[in-house]
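Asks: Just so it is clear: in the sequence shown, position 42 is 42 by full-length UniProt numbering, and no numbers are missing.
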Amino acid sequence: MRKLLPDFDNAYRREKKQKRVVPSATRNPSMQDYIERRLTEVHYSAVDYKFCDKFLAALAAVVLIVLLPYLHIGVFYLKIWVPDKPQVDRQSCTCSCFDTVFRGSYEMPGLVTYKHVYFNATSTTFKIWIFTVLFILLAYESIKYLVQVYRTSSFRRSWLALYIINIYPHYYSWWSFFSYYNEEFFTFFGHHMFFCITEIIVTAIVLNLCNQKNEVSEISTAPL
Numbered sequence: 001m002r003k004l005l006p007d008f009d010n011a012y013r014r015e016k017k018q019k020r021v022v023p024s025a026t027r028n029p030s031m032q033d034y035i036e037r038r039l040t041e042v043h044y045s046a047v048d049y050k051f052c053d054k055f056l057a058a059l060a061a062v063v064l065i066v067l068l069p070y071l072h073i074g075v076f077y078l079k080i081w082v083p084d085k086p087q088v089d090r091q092s093c094t095c096s097c098f099d100t101v102f103r104g105s106y107e108m109p110g111l112v113t114y115k116h117v118y119f120n121a122t123s124t125t126f127k128i129w130i131f132t133v134l135f136i137l138l139a140y141e142s143i144k145y146l147v148q149v150y151r152t153s154s155f156r157r158s159w160l161a162l163y164i165i166n167i168y169p170h171y172y173s174w175w176s177f178f179s180y181y182n183e184e185f186f187t188f189f190g191h192h193m194f195f196c197i198t199e200i201i202v203t204a205i206v207l208n209l210c211n212q213k214n215e216v217s218e219i220s221t222a223p224l
């Protein structure tokens with residue numbers, strides 16, 4: 001019976017095979033290909049940058065940020081510049097400028113006893129907090145980036161020296177803004193803000209060129 005009937009099944013398969021479109025060996029890249037390639041690059045970057053590298057980067061950043069105020073006030077001011085200043089009598093001293101808001105109902109304004117830190121609940125105090133957080137985050141992330149570059153890629157040591165030199169201007173800017181707001185003395189605030197912004201731009205260029213993968217060009221080294 002199979003020999004008498006035409007082979008419709010095989011004929012249908014041959015016709016379908018002939019109509020099948022053979023994919024081209026080369027095709028235009030799609031958005032999916034781009035995303036897959038970028039995810040692959042991120043994956044291998046994460047594999048290279050291990051937990052130990054992250055820990056060392058965070059540790060270096062924290063140590064430097066903690067040491068700067070100590071070296072500034074605890075060593076240079078206290079031990080070198082003004083070592084003869086008398087100590088405060090913590091038992092008898094008082095402060096009448098403290099609004100005690102952050103103390104809640106535990107303390108009221110008046111002759112407040114000694115505390116290591118006083119701060120009033122004002123908009124100026126909030127501005128000081130914002131500046132402090134921004135400077136700490138920028139310092140932390142820049143140090144983490146340097147450690148990452150040092151551990152995972154080629155590193156330009158000469159540009160590291162430039163970064164270290166730039167640490168003092170940034171710390172000085174933060175301390176100056178702190179004093180401007182704390183004392184409400186804004187005569188030179190605008191001038192200092194201009195210098196601070198240009199210093200941040202210079203430091204960003206230095207950080208970029210600490211990595212040998214980033215080529216030195218006339219634009220990146222042009223004077224500001």
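All C-beta atoms, glycine included, are put in the ideal place defined by N, C-alpha and C.
None of these values were measured; they are calculated from a predicted model.
DSSP state of Asn182, grouped into three classes?
Replies: helix
Asks: Please report how far the alpha carbon of Ile205 lies from the alpha carbon of Phe51, in whole angstroms.
Replies: In a straight line, the C-alpha of Ile205 is about 27 Å away from that of Phe51.
Asks: Decide if the region 79-94 is in contact with the region 181-201; the criterion is three or more beta carbon pairs, one per stretch, under 8 Å apart.
Replies: no
Asks: What residues match up with Asn208 in a beta bridge as DSSP calls it?
Replies: Answer is none; Asn208 lacks a bridge partner.
Asks: What do you reckon, are the CB atoms on Glu199 and Asn166 nearer than 8 Å?
Replies: Between Glu199 and Asn166, the C-beta gap is smaller than 8 Å, which places the two residues in contact.
Asks: Relative to the alpha-carbon of Phe98, which residue among Thr113, Val88 and Ile201 has its alpha-carbon at the smallest distance?
Replies: Thr113
Asks: With distances taken from CA atoms, which of Val149, Phe102 and Val133 is nearest Thr122?
Replies: Phe102
Asks: Kindly identify the DSSP beta-bridge partner or partners of Val75.
Replies: None; Val75 has no bridge partner.
Asks: Ignore the nearest five residues each way along the sequence and tell me which others in Asn214's own chain have a CB closer than 7 Å to its CB.
Replies: Take Asn214, set aside five residues on each side of it, and the residues of its chain with a beta-carbon closer than 7 Å to its own are Asn208, in chain order.
Asks: Note down, in chain order, each residue of its chain lying with its Cβ closer than 6 Å to the Cβ of Trp159, except the 5 sequence neighbours on either side.
Replies: If we look at Trp159 and ignore the five residues flanking it on each side, its Cβ neighbours are Val206, Leu209 and Cys210.
Asks: Rounding to the nearest angstrom, what Cα-Cα distance links Ala60 and Ala161 in this structure?
Replies: 16 Å
Asks: Kindly indicate the opening and closing residues of the alpha helix (DSSP H) around Gln148.
Replies: Counting along the chain, Gln148 sits inside the alpha helix (DSSP H) bounded by residues Ser123 to Thr152.
Asks: Within 10 angstroms of its Cβ, does Val147 collect 16 or more other Cβ (buried), or is it exposed?
Replies: With 16 or more other CB atoms across the displayed protein chains lying within 10 angstroms of its CB, Val147 is buried.
Asks: Select from Pro169, Arg151 and Leu138 the residue whose C-alpha is nearest the C-alpha of Phe195.
Replies: Pro169
Asks: Could you check what DSSP says for Val112 in three-state terms: helix, strand or coil?
Replies: strand
Asks: With DSSP as the reference, please indicate the residues paired to Cys95 in a beta bridge.
Replies: Val112.
Asks: Is DSSP giving Phe155 helix, strand or coil here?
Replies: strand
Asks: Could you round the C-beta distance between Tyr171 and Leu68 to whole angstroms and report it? I think they count as a contact, below 8 Å.
Replies: 6 Å
Asks: I need the DSSP call for Asn214, collapsed to helix, strand or coil.
Replies: coil
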